[in-house]
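A.B. asks: Below is one structure. I have some questions about it.
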Amino acid sequence: MSGLETMRKSLFCITLLFFFLAIGPWAWGSDLKGNIHIAFLVDATGNKVFLELVQKEISTLLKNSYTVEFEVRTLDSSDREGMKRQIEQLMQDDRINCIIGLALDTSDALIGIKRYTKPVIAAAILDRKLQGLPMTAEGTSGIDNFNYIESPFDVEKDLTTFKRLYDYKHLAVLLNARETLLFHTVFSHIGRAVDKVSPGARLSFVEIYPHKLAESMAAMPDDVDSVYLPPVFVQDEVGEQKKLIDLINERRLPSFALLGEENVRMGVMASIAPDRNINAMSRRIAINVLKIFSGTNGADLPVQLSQYTDNYVVNVATLEKIDFFPSWQVMSEARLINLDNERRGRRINLPGVIGEALRSNVILQIEQLNTRLQQQEKNISSAPFFPQLELSTSVDMIDDNRVNAAVGSPSRHTWLASGSLSQILYADDVFANYAIQKIFLESQRFQEKAQMLDTVITAGEAYINLLFARSNRAIQNNNLAVTRKNLDIARNKEAVGSVGASEVHRWESELASNQINLNDAHRDLQLARLSVNNILNRPINEEFIAEDLDDSTPIELIITDPEVYGYLGDFKKLNRFGEFLMEEANLNLPELKQVAERVKAQKRDILNRQRAYYIPDIRIQGKIDHVLGEYDTVIETSSDLDTPWSIAATASWPLYKGGNRGYELEKSRIQLRQIGLEEVSLRNQLSLQVQSNLQTAAVSAREISLSRAGLKSAQKNFEITQAGYSEGRNSIADLIDAQNAKISAELGEAVAKYQFVLDFLKLERSVGRFHFLDTPQEKDAFLERLQRYMDATEENTH
Numbered sequence: 060m061s062g063l064e065t066m067r068k069s070l071f072c073i074t075l076l077f078f079f080l081a082i083g084p085w086a087w088g089s090d091l092k093g094n095i096h097i098a099f100l101v102d103a104t105g106n107k108v109f110l111e112l113v114q115k116e117i118s119t120l121l122k123n124s125y126t127v128e129f130e131v132r133t134l135d136s137s138d139r140e141g142m143k144r145q146i147e148q149l150m151q152d153d154r155i156n157c158i159i160g161l162a163l164d165t166s167d168a169l170i171g172i173k174r175y176t177k178p179v180i181a182a183a184i185l186d187r188k189l190q191g192l193p194m195t196a197e198g199t200s201g202i203d204n205f206n207y208i209e210s211p212f213d214v215e216k217d218l219t220t221f222k223r224l225y226d227y228k229h230l231a232v233l234l235n236a237r238e239t240l241l242f243h244t245v246f247s248h249i250g251r252a253v254d255k256v257s258p259g260a261r262l263s264f265v266e267i268y269p270h271k272l273a274e275s276m277a278a279m280p281d282d283v284d285s286v287y288l289p290p291v292f293v294q295d296e297v298g299e300q301k302k303l304i305d306l307i308n309e310r311r312l313p314s315f316a317l318l319g320e321e322n323v324r325m326g327v328m329a330s331i332a333p334d335r336n337i338n339a340m341s342r343r344i345a346i347n348v349l350k351i352f353s354g355t356n357g358a359d360l361p362v363q364l365s366q367y368t369d370n371y372v373v374n375v376a377t378l379e380k381i382d383f384f385p386s387w388q389v390m391s392e393a394r395l396i397n398l399d400n401e402r403r404g405r406r407i408n409l410p411g412v413i414g415e416a417l418r419s420n421v422i423l424q425i426e427q428l429n430t431r432l433q434q435q436e437k438n439i440s441s442a443p444f445f446p447q448l449e450l451s452t453s454v455d456m457i458d459d460n461r462v463n464a465a466v467g468s469p470s471r472h473t474w475l476a477s478g479s480l481s482q483i484l485y486a487d488d489v490f491a492n493y494a495i496q497k498i499f500l501e502s503q504r505f506q507e508k509a510q511m512l513d514t515v516i517t518a519g520e521a522y523i524n525l526l527f528a529r530s531n532r533a534i535q536n537n538n539l540a541v542t543r544k545n546l547d548i549a550r551n552k553e554a555v556g557s558v559g560a561s562e563v564h565r566w567e568s569e570l571a572s573n574q575i576n577l578n579d580a581h582r583d584l585q586l587a588r589l590s591v592n593n594i595l596n597r598p599i600n601e602e603f604i605a606e607d608l609d610d611s612t613p614i615e616l617i618i619t620d621p622e623v624y625g626y627l628g629d630f631k632k633l634n635r636f637g638e639f640l641m642e643e644a645n646l647n648l649p650e651l652k653q654v655a656e657r658v659k660a661q662k663r664d665i666l667n668r669q670r671a672y673y674i675p676d677i678r679i680q681g682k683i684d685h686v687l688g689e690y691d692t693v694i695e696t697s698s699d700l701d702t703p704w705s706i707a708a709t710a711s712w713p714l715y716k717g718g719n720r721g722y723e724l725e726k727s728r729i730q731l732r733q734i735g736l737e738e739v740s741l742r743n744q745l746s747l748q749v750q751s752n753l754q755t756a757a758v759s760a761r762e763i764s765l766s767r768a769g770l771k772s773a774q775k776n777f778e779i780t781q782a783g784y785s786e787g788r789n790s791i792a793d794l795i796d797a798q799n800a801k802i803s804a805e806l807g808e809a810v811a812k813y814q815f816v817l818d819f820l821k822l823e824r825s826v827g828r829f830h831f832l833d834t835p836q837e838k839d840a841f842l843e844r845l846q847r848y849m850d851a852t853e854e855n856t857h
């Protein structure tokens with residue numbers, strides 16, 4: 060072949076190529092004038108908002124290149140064959156260049172055609188997997204002339220997540236009564252998903268009539284225990300959607316929304332659908348239409364809007380309304396909304412909580428009843444000191460052989476009344492028991508006081524833990540917002556190519572971790588609220604408004620005295636202050652006084668066992684009988700014999716009991732030595748507790764200012780690092796470190812101000828008194844003793 064022929068063939072191929080390129084845009088049905096005719100298929104519901112948005116987007120994108128005309132065909136969803144015939148007619152109509160299904164049923168009908176002679180877009184897909192739609196590795200349909208817009212919703216994933224939250228047995232799906240599709244497409248797809256996720260569950264479809272919501276809900280089967288909520292009403296009926304959700308919650312039914320967070324914020328219990336909106340879908344349809352008329356086959360167009368992660372949200376306020384709380388393990392995966400429920404209920408503060416606990420705490424009330432029981436034990440032990448009087452009556456019957464007046468038995472039947480009186484003159488067992496019970500009563504009073512002091516600490520600690528848990532939740536919530544901002548920065552940097560996808564994924568991982576931390580913080584706050592109600596003996600779920608620690612709700616601690624506070628900054632004065640507090644503890648602590656009472660009781664027990672060897676029990680007894688009647692008598696008894704009486708005084712010694720008295724005495728002596736060692740150990744422990752609590756409280760006081768300074772520096776460092784990361788001067792590791800330092804400083808600052816109060820409450824507990832519970836006179840006396848001690852110690856030092 061000559062060079063000339065080769066050149067001719069090359070020119071022919073190039074010409075042919077340009078020809079095909081030139082006619083390519085019209086190969087899909089446009090005429091040579093640049094006119095495009097698009098047919099929209101809708102159903103009877105006619106979502107006008109969606110239709111108008113799609114038309115607007117297409118017109119905006121194509122107006123500079125084409126003249127676009129729209130045709131809207133309303134198809135009867137109840138007539139599947141009729142829908143198929145109308146679609147085939149449109150396929151054969153040369154005027155129509157593109158067909159777009161905008162409703163669930165019309166899109167489903169387009170899927171059933173299988174063979175497409177012109178471009179077709181199924182824009183409203185319920186569930187790609189359930190409807191059997193393919194997706195290639197490139198994210199396209201792979202079907203000639205066919206494109207679909209993948210649903211942002213996954214019914215199977217929804218129902219799986221819902222099942223983990225609530226183990227439904229009878230699921231109701233609410234659908235607009237005007238949607239005839241619910242009897243075929245939706246029923247088929249959702250039914251298959253339910254069978255796969257929860258094979259034993261029943262499924263009911265409930266038709267909802269607009270403006271007749273109550274009547275529609277009344278038709279729901281009584282044994283329905285949960286609701287799956289697709290978009291029952293289109294956007295121009297959003298008010299009806301909210302009313303419907305309120306009715307679901309009134310029936311206390313757990314619910315799950317197909318649409319996502321928008322419905323959850325209206326009151327649906329949960330959803331996992333990613334945040335998407337109708338505008339994004341409209342824009343994707345318009346872009347795909349533009350590409351089709353620019354020469355791209357529908358088989359090669361993307362079917363996905365974009366890549367989104369799940370947006371798993373749970374409405375905590377709804378959980379409370381329907382009185383259902385999933386396990387925290389399941390809840391930890393979700394982002395919780397409507398957390399702040401502290402706008403309802405009574406207002407409480409730290410002094411009020413402590414005062415109410417001293418009146419209402421169950422454990423303290425039990426201890427108070429123990430004191431009353433011991434009072435009765437003491438009273439019972441005093442009864443033998445008083446005369447014991449007994450009255451009885453009896454009827455005697457003897458046989459005839461013994462009826463003999465000479466021996467005092469003149470009658471066969473005798474009715475006799477008897478009375479006896481006894482009085483202990485001396486019995487050391489009785490006296491010892493009474494003395495010991497009195498000592499036990501005093502010991503129990505000290506036990507009650509100890510429980511009262513512990514109740515103050517328990518109530519104070521529970522309330523302060525509540526305040527910290529609330530601060531922690533706010534800090535974690537703010538940190539989550541910061542991480543979202545950092546993720547946005549990373550995505551913007553990825554878009555311009557300054558960072559790789561791995562950096563975005565790292566922030567997505569941080570975001571998930573922060574969500575878990577926030578959920579944990581919410582859990583801790585709820586547990587803290589329950590703890591406060593439990594300590595106050597109130598309904599466990601009672602709502603209340605907790606006031607923070609500030610000048611409006613002060614609690615007067617020892618440390619609030621300016622001069623006492625000054626001791627914290629002087630090492631010598633702090634040590635002297637600690638020695639003074641130990642002396643006060645020895646005087647005040649009910650535990651020490653309780654041990655002292657035990658020693659007294661044990662010594663009295665030893666004395667009793669010693670006296671048993673030589674001191675007798677002395678008592679006096681008297682008895683009188685009176686014959687009320689004699690029957691079947693041989694001879695009448697003289698009246699002076701009808702009332703015999705006697706009186707006696709006795710003294711008794713237990714001479715020998717097998718050595719038991721000696722054993723008991725030695726046992727009591729051993730117990731006394733044991734109590735003595737317990738007292739030594741207790742004093743050592745309490746001294747250690749006073750000193751350690753004082754040192755801890757002193758550190759807490761200093762940490763308040765240090766934590767504030769640290770937080771200020773950490774915030775500045777984070778702001779500088781975040782700006783540097785945005786501009787490319789700092790790495791992701793730098794920003795994560797700065798963010799972690801910032802949240803640690805925030806938590807440290809929150810802990811410091813609450814821990815300061817709690818540490819000084821514990822210090823006062825170790826001394827055996829609370830300054831804020833003392834009378835003004837007692838407070839003044841304490842401060843005077845402290846001042847004298849400090850002055851005397853200062854003089855001795857010099």
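Residue numbering for the sequence shown follows this note's numbering, beginning at 60 and increasing consecutively. Built from N, CA and C at the ideal position, the CB exists for glycine as well.
Determine whether the beta carbon atoms of L360 and N370 lie at a separation below 8 Å.
C.D. replies: Taking 8 Å as the Cβ cut-off, L360 and N370 do not qualify as a contacting pair.
A.B. asks: For a test of the three-state rule: what should DSSP assign to H270, helix, strand or coil?
C.D. replies: Coil.
A.B. asks: Do you know offhand how far L409's Cα is from G628's?
C.D. replies: One C-alpha to the other measures close to 27 Å.
A.B. asks: Judging by CA-CA distance, which residue of K631, R532, V515, N573 is the nearest neighbour of H581?
C.D. replies: It is R532 whose Cα lies nearest to the Cα of H581.
A.B. asks: If you draw a straight line from the C-alpha of L480 to the C-alpha of R678, how long is it?
C.D. replies: Approximately 11 Å between the Cα atoms of the pair.
A.B. asks: Is the CB-CB distance between A811 and I763 below 8 Å?
C.D. replies: Contact flag set, yes.
A.B. asks: Scan the stretch 396-457 and note each continuous alpha helix (DSSP H) run of 4 residues or more that stays entirely inside, going in chain order.
C.D. replies: Fully enclosed alpha helix (DSSP H) runs of 4 or longer: 409-419, 421-441.
A.B. asks: Take R529 and list the residues in its own chain whose beta-carbon comes closer than 6 Å to its own, dropping the five residues that flank it on each side.
C.D. replies: Taken in chain order, the residues that qualify are L584.
A.B. asks: Could you tell me which residues DSSP pairs with E681 in its beta bridges?
C.D. replies: Position check: residue 681 holds Gly in this sequence, whereas Glu was assumed. L480, I706, per the DSSP bridge assignment.
A.B. asks: Quick check on the DSSP output: the alpha helix (DSSP H) that includes R742 runs from which residue to which?
C.D. replies: That run of the alpha helix (DSSP H) goes 719-785.
A.B. asks: Tell me whether M456 is buried or exposed, calling it buried when 16 or more other Cβ atoms sit within 10 Å of its Cβ.
C.D. replies: Answer is exposed; the Cβ neighbour count stays below 16.
A.B. asks: Please name the residue or residues paired with R132 in a DSSP beta bridge.
C.D. replies: Answer by DSSP bridge pairing, in chain order: L100.
A.B. asks: Using the DSSP secondary-structure output, state which residues sit across from A329 in a beta bridge.
C.D. replies: DSSP output for A329 lists F315, V373 as bridge partner(s).
A.B. asks: Which of the three DSSP states, helix, strand or coil, is assigned to S590?
C.D. replies: Helix at S590.
A.B. asks: Please report the Cβ distance between Y268 and A231, rounded to the nearest whole angstrom; I am assuming they are in contact, meaning their Cβ atoms lie under 8 Å.
C.D. replies: With 8 Å as the limit, Y268 and A231 do not qualify as a contact, their Cβ atoms being about 15 Å apart.
A.B. asks: Which residue wins for smallest C-alpha separation from V372, given the options I381, I396, P385?
C.D. replies: Nearest of I381, I396, P385 to V372, Cα basis: I396.
A.B. asks: How many Å lie between I82 and A162 at the Cα?
C.D. replies: With a pLDDT of only 36 at I82, under 50, the local geometry of the prediction cannot be trusted, and the value read off the model is given with reservation. So the two alpha carbons sit approximately 33 Å from each other.
A.B. asks: Thinking just about the alpha-carbon of each residue, which of P313, Y522, R670 is nearest to the one in A605?
C.D. replies: Taking only the C-alpha atoms, the option nearest A605 is Y522.
A.B. asks: Going by alpha carbons, who is nearest to G681 out of H248, G250, L577, I483?
C.D. replies: Of the candidates H248, G250, L577, I483, the one whose C-alpha sits nearest the C-alpha of G681 is I483.
A.B. asks: May I ask you to verify whether the stretch 198-206 touches the stretch 161-180, counting CB pairs closer than 8 Å and requiring at least 3?
C.D. replies: Touching, per the Cβ criterion.
A.B. asks: Let me check one thing: in DSSP terms, what residues is Y287 bridge-paired to?
C.D. replies: Paired residues: V232, F315.
A.B. asks: What is the DSSP secondary structure of D295, counted as helix, strand or coil?
C.D. replies: The pLDDT assigned to D295 is 48, lower than 50, so where the model puts this residue is not dependable, and the model offers no usable value.
A.B. asks: Could you say which of E379, M279, A278 lies nearest to V327 if we only look at CA atoms?
C.D. replies: With distances taken between Cα atoms, V327 lies closest to E379.
A.B. asks: Taking the C-alpha atoms as reference points, what is the distance between K821 and K631?
C.D. replies: Near 22 Å, if we compare the C-alpha coordinates of K631 and K821.
A.B. asks: Going by CA-CA distance only, name the one from G787, F315, L616 that's closest to L224.
C.D. replies: Considering only alpha carbons, the answer is F315.
A.B. asks: Just mark D850 as buried or exposed, buried being the case when its beta carbon has 16 or more other beta carbons within 10 Å.
C.D. replies: So D850 counts as exposed.
A.B. asks: Would you check if the stretch 134-152 and the stretch 112-124 touch, i.e. whether three or more CB-CB distances between them fall below 8 Å?
C.D. replies: At 8 Å Cβ cutoff, the stretches do not touch.
A.B. asks: In this structure, does DSSP put A196 in helix, strand or coil?
C.D. replies: In this structure, A196 counts as coil in the three-state DSSP scheme.
A.B. asks: Pairing CB atoms from the stretch 495-502 with CB atoms from the stretch 655-662, are three or more of them under 8 Å?
C.D. replies: Contact between the stretch 495-502 and the stretch 655-662 is present, because at least three Cβ pairs lie under 8 Å.
A.B. asks: Based on the DSSP output, what are the partners of W474 in its beta bridges?
C.D. replies: According to DSSP, W474 bridges with V454, G688.
A.B. asks: With distances taken between CB atoms, is the gap from I158 to A182 smaller than 8 Å?
C.D. replies: Not in contact: I158 and A182 (Cβ atoms no closer than 8 Å).
A.B. asks: Looking only at its own chain, which residues have a Cβ that is under 8 Å from the Cβ of A260, when we skip the five neighbours before and after it?
C.D. replies: Answer for A260: Y227, K228, H229, L230, V253, listed in chain order.
A.B. asks: Check whether the stretch 771-786 touches the stretch 796-806, taking contact to mean three or more Cβ pairs, one atom from each stretch, closer than 8 Å.
C.D. replies: Counting Cβ pairs under 8 Å, three or more are found: they touch.
A.B. asks: Should the stretch 413-423 be regarded as contacting the stretch 513-521, the criterion being three or more beta carbon pairs within less than 8 Å?
C.D. replies: Enough Cβ pairs lie closer than 8 Å, so yes.
A.B. asks: Could you please give the first and the last residue of the uninterrupted alpha helix (DSSP H) stretch that includes Y624?
C.D. replies: Looking at the DSSP string, the run of the alpha helix (DSSP H) that includes Y624 is 621-625.
A.B. asks: By DSSP, does N206 sit in helix, in strand, or in coil?
C.D. replies: Strand.
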